[in-house]
Amino acid sequence: MFDNYVFEKSSAQYSNKILLLDDEQLDEVTGYSSGFVSNGFEVVKFKDDLSFRLECEDKVKDIEKKIVVIANSRSYIPYDIWRRLREYIISFNNLFPKLNPDVFKNKTKVDLDLICLAYKNVFDDLRRKSDTDLFMRIEVYSQSNIKFYLQEQVKILYELAKNAKKYYEWFEVAQKKASIDVLSTQYNLEVNTNEIDSYYIQYIMKNFGKLSQVLDKDSPVLVSKVMEYIYEQSSKYVLVVMDGMSEFDWNIIEKSFLNMKYKKTSVMAMIPTTTSISRQSLLANKYPVQLISPWNQSKEKQEFIECAKSLGFKDNQISYSRGYDVELNPFVRCATIIINDVDDLVHAQKQSRMGMYNDITLLADQEKLVNLTRKMLSQGYDVFITADHGNTPCIGLGKYMSAGVEVETKSRRMMVLKDFADKNKIVERYTMMDFPKYYLSKEFEYLICESGMSLDSKDYEVMSHGGVTIDEVVVPFITLKAEEYNG
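Below, the structure written as structure tokens:
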């Protein structure tokens, strides 16, 4: 909504050539340029006058071409090009002239969307800070405004899910779903986003086995390619693995990163989304079938060290550790740090998603992750933050107690069966899915619970993982570069 609001305020609907003077770098924070892209504009970020002329002169002179140039007031834009552009100053003061601009400090994209909705009904001058603060409390964050916003966002979400064909489109769906779920949980509003899992599961069942062939310069696609991807991006790095952190969890945690410059994408976990399978695949740069011990973590450190060596690092350049209080010796060039906080909260959770919201909010407020990140950046390390899997709310179907189960895990969203287990009987009783064994050993059968269900005590509400829902499979992938902080 904020992106469309900026589009309309700039009068881009009346001109094909727009110059946005963005001294506050709001596009970096809000991504408002997406509103121009969705309306057929090409977005060009101004660098210098020479490269700008070489890249854009013909485009600006093309009458039919839609182009928006994002620069700042200090940028030198040649007059013959400048005169063809409709200029608009991007600032909160200009966008919302009836409000006090101080209120916009540290506001998220969702906050700005809500302000856009409520601002339509502002007719008085509210520039006094007390008036703006009252407007924010009474109008912007009112139940009715938030409920209307969520209803509109859910419509957009379902359209995205229905039309998603590519992995990166599902990344967008997962991120939007997370923002909706966080806001609805925060304000205790009933919003159902779980029906998109039917679309996502169809995609996974058909396409997950093909994703190993996909290369993306902006992000690894599967966690089994994370180590290889990071090695291509950095010569000195720390990989922080937040065990169990979903897009929902990151949506809350990222508020502690407000003053940090980072790139956010997503990546898909291995399925089943258990720690032993997916985290070892992540750290070993292997598929589950290639792991030494896929169903327990006894070889995890060994797998990571062997992977780092295969990438060319020496023993004294490799570090595997756990927890926030990590000290790396100056020779280390390839480090991983395992943080179990989120997964511990998942398996101890008694209040389902509301409990996770409260617990993750407390974790974010403690700023342990952002402080660890700052520390590593200050020591010259590029920092990559991701997760081995996410988590999802479930209701217990009842525990399975019969013989034939090969693997027991804390996750009760899946089963690994021996040959003599009665698979058809289990599938019928628990309405489970037969997973197609992508990247897994063919000697076993893999059954996964339907969305929102687990093999916990009957009717017991839990947070869990191990399955194939979008909340469990699509996880955050964050990049922070040391050069951005150390010059």
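Numbering (my numbering), first residue to last: 72 to 558. We put the beta carbon where it would ideally sit given N, CA and C, even for glycine.
Straight across, the Cα-Cα distance linking SER369 with PHE375 is about 12 Å. Annotation: the region 302-335 contains the following complete segments of the beta strand (DSSP E) (minimum length 3 residues), in chain order: 308-313. Leaving aside the five residues that flank ILE275 on each side, the residues in its chain whose CB is nearer than 8 Å to its CB run, in chain order, ILE342, VAL539 and VAL544. Between GLY537 and ARG500, the CB-CB gap reaches or exceeds 7 Å.
In the DSSP annotation of this structure, GLU516 is not part of any alpha helix (DSSP H); the continuous beta strand (DSSP E) holding it starts and ends at 516-520. For VAL545, the three-state secondary structure derived from DSSP is strand.
The Cβ atoms of CYS465 and VAL546 lie no closer than 7 Å to each other. Under the three-state reduction of DSSP, ASP98 is assigned to helix. Taking PRO172 as the centre and dropping the five residues before and after it, the same chain places the C-beta of PHE163 and ASN164 closer than 7 Å to its C-beta, in chain order. The three-state reading of DSSP puts THR540 in coil, since its state is none of H, G, I, E or B.
Per DSSP, MET276 is one residue of the alpha helix (DSSP H) stretching across 267-278.
Relative to the Cα of THR502, the nearest Cα in the group GLY467, SER146 and LYS489 belongs to GLY467. By the Cβ rule, the region 279-292 counts as touching the region 507-515, because three or more pairs are nearer than 8 Å.
In the displayed model, LEU170 falls within a strand according to three-state DSSP. For SER109, the closest of LYS137, GLU438 and LEU488 by C-alpha to C-alpha distance is LYS137. Nearest to SER122 by alpha-carbon distance, out of SER146, ASN322 and TYR103, is SER146. Within the same chain, Cβ atoms closer than 7 Å to the Cβ of LYS88 are found at VAL131, ILE138, ARG155, LEU156 and ARG157, the five residues on either side in sequence being excluded. As the crow flies, the alpha-carbon of GLU266 is around 11 Å from that of LYS248. For SER349, no beta strand (DSSP E) encloses it; the enclosing alpha helix (DSSP H) starts and ends at 346-355. Cβ-Cβ distances below 6 Å link VAL211 to LEU185, ILE186 and ALA189 in the same chain, with the five nearest sequence neighbours on each side left out; the list follows chain order.
Taking C-beta atoms as the reference points, VAL309 and ALA406 count as a pair closer than 7 Å. Sequence-distant partners of VAL397 (beyond 5 residues in either direction) whose C-beta falls short of 6 Å from its own C-beta, in its chain, are ILE408. THR264 is not a Cβ neighbour of MET425, given a cutoff of 7 Å.
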